[in-house]
Amino acid sequence: MAETEFPGWHGTTIVGIRKGGQVVIAGDGQVSLGQTVIKGTARKVRRLSPGGHEVLCGFAGSTADAFTLLERLETKLEATPGQLQRACVELAKDWRTDKYLQKLEAMLIVSDGAQLYVITGAGDVLEPEHDVAAIGSGGNYALAAARALMESDKTAEEIARTAMAIAADICVYTNGNLTVETLDA
225 MAETEFPGWH
235 GTTIVGIRKG
245 GQVVIAGDGQ
255 VSLGQTVIKG
265 TARKVRRLSP
275 GGHEVLCGFA
285 GSTADAFTLL
295 ERLETKLEAT
305 PGQLQRACVE
315 LAKDWRTDKY
325 LQKLEAMLIV
335 SDGAQLYVIT
345 GAGDVLEPEH
355 DVAAIGSGGN
365 YALAAARALM
375 ESDKTAEEIA
385 RTAMAIAADI
395 CVYTNGNLTV
405 ETLDA
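Laid out in structure tokens, this is it:
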């Protein structure tokens, strides 16, 4: 390995489910450096309460970058209370145009209990189809599992937990140590 090369941080599966008047965001706890698990109990799902309006956030990518984005999102939410979509669009615009923020490597899933969005550094604010969003190394596995379970009698939380368990069984960068946060619409 060349001196300038550094093995990338890997890890994280985050899934967001909206079903039955409830939104759940769940994330695993694994952080890996190359082929080594550095931490198995990281908390990648957070609850924000700017201006008394609760918002759930899950992040994948660099932790420091994600916390920078969460702070910016919180500021946007304080400036536009109760307007999650507007705050997300403003964050995405800043992320896309600010030279410092452009270098941040993370993705977010956010929800206020009624709306569910994925925010990316490419300037995307996506409202997922089928009320399921997933990001991170095991995101596609969790997404497929959750989508398959959406027509079942399972609650949003049960779907999230099952989808995360399936992702943890498949993705080596995902573990079963979950943080699960719930909001009612």
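So our numbering is basically just the index in the sequence shown, starting at one, shifted up by 224. All C-beta atoms in this analysis are idealised placements derived from N, C-alpha and C, irrespective of residue type, glycine included.
Looking only at C-alpha atoms, which of the options sits nearest to residue i?
i              : options                           : result
glutamate 295  : Asp377, Gly285 and Cys281         : Cys281
isoleucine 241 : Ser361, Glu375 and Ala392         : Glu375
leucine 407    : Gln246, Ala384 and Pro352         : Gln246
glycine 347    : Asp355, Thr236, Glu353 and Ala330 : Ala330
glutamate 302  : Asp322, Arg320, Val279 and Thr236 : Val279
histidine 354  : Arg385, Gly244 and Gly362         : Gly244
valine 349     : Val255, Leu332 and Tyr397         : Leu332
What is the rounded straight-line gap between the Cα of residue i and the Cα of residue j?
i              : j                 : result
glycine 253    : threonine 260     : 14 Å
lysine 410     : alanine 391       : Because the chain is modelled from 225 through 409, residue 410 falls outside the range shown and cannot be assessed.
tyrosine 324   : valine 342        : 21 Å
histidine 277  : alanine 290       : 20 Å
lysine 327     : asparagine 364    : 24 Å
isoleucine 359 : isoleucine 249    : 11 Å
threonine 189  : glycine 251       : No statement about residue 189 is possible, as the shown extent of the chain runs from 225 to 409 and does not include it.
proline 305    : glycine 275       : 6 Å
alanine 357    : glutamate 314     : 20 Å
glutamate 381  : alanine 311       : 26 Å
isoleucine 262 : threonine 292     : 21 Å
glutamate 298  : arginine 371      : 29 Å
valine 334     : phenylalanine 283 : 9 Å
valine 239     : alanine 316       : 20 Å
isoleucine 287 : glycine 258       : For the sequence presented, residue 287 should be read as threonine rather than isoleucine. Each residue's alpha carbon lies about 16 Å from the other.
threonine 344  : leucine 373       : 26 Å
arginine 271   : serine 256        : 24 Å
aspartate 322  : lysine 300        : 15 Å
Keeping to the same chain, check which residues put their C-beta closer than 8 Å to that of residue i; ignore five residues upstream and five downstream.
i           : result
glycine 400 : Asp252, Met388, Ala389 and Ala392
Looking only at its chain, what residues have a beta carbon closer than 6 Å to the beta carbon of residue i, apart from the 5 residues adjacent to it on each side?
i              : result
leucine 308    : Asp336 and Gln339
glutamine 369  : Reading the sequence as shown, one finds alanine at residue 369 and not glutamine. So the list reads Ala387 and Ile390, once near-sequence residues are dropped.
alanine 266    : Gly253 and Val255
isoleucine 383 : Ile241, Ala370 and Leu373
Apart from the five residues just before and just after residue i, which ones in its own chain have a Cβ nearer than 7 Å to its Cβ?
i             : result
aspartate 318 : Arg296 and Leu325
According to DSSP, residue i sits in a beta bridge with which residue or residues?
i           : result
leucine 407 : Val247
Exercise. Taking only runs of the beta strand (DSSP E) that begin and end inside the stretch 291-357, which ones reach a length of at least 3 residues, in chain order?
Worked result: 330-335 and 340-343
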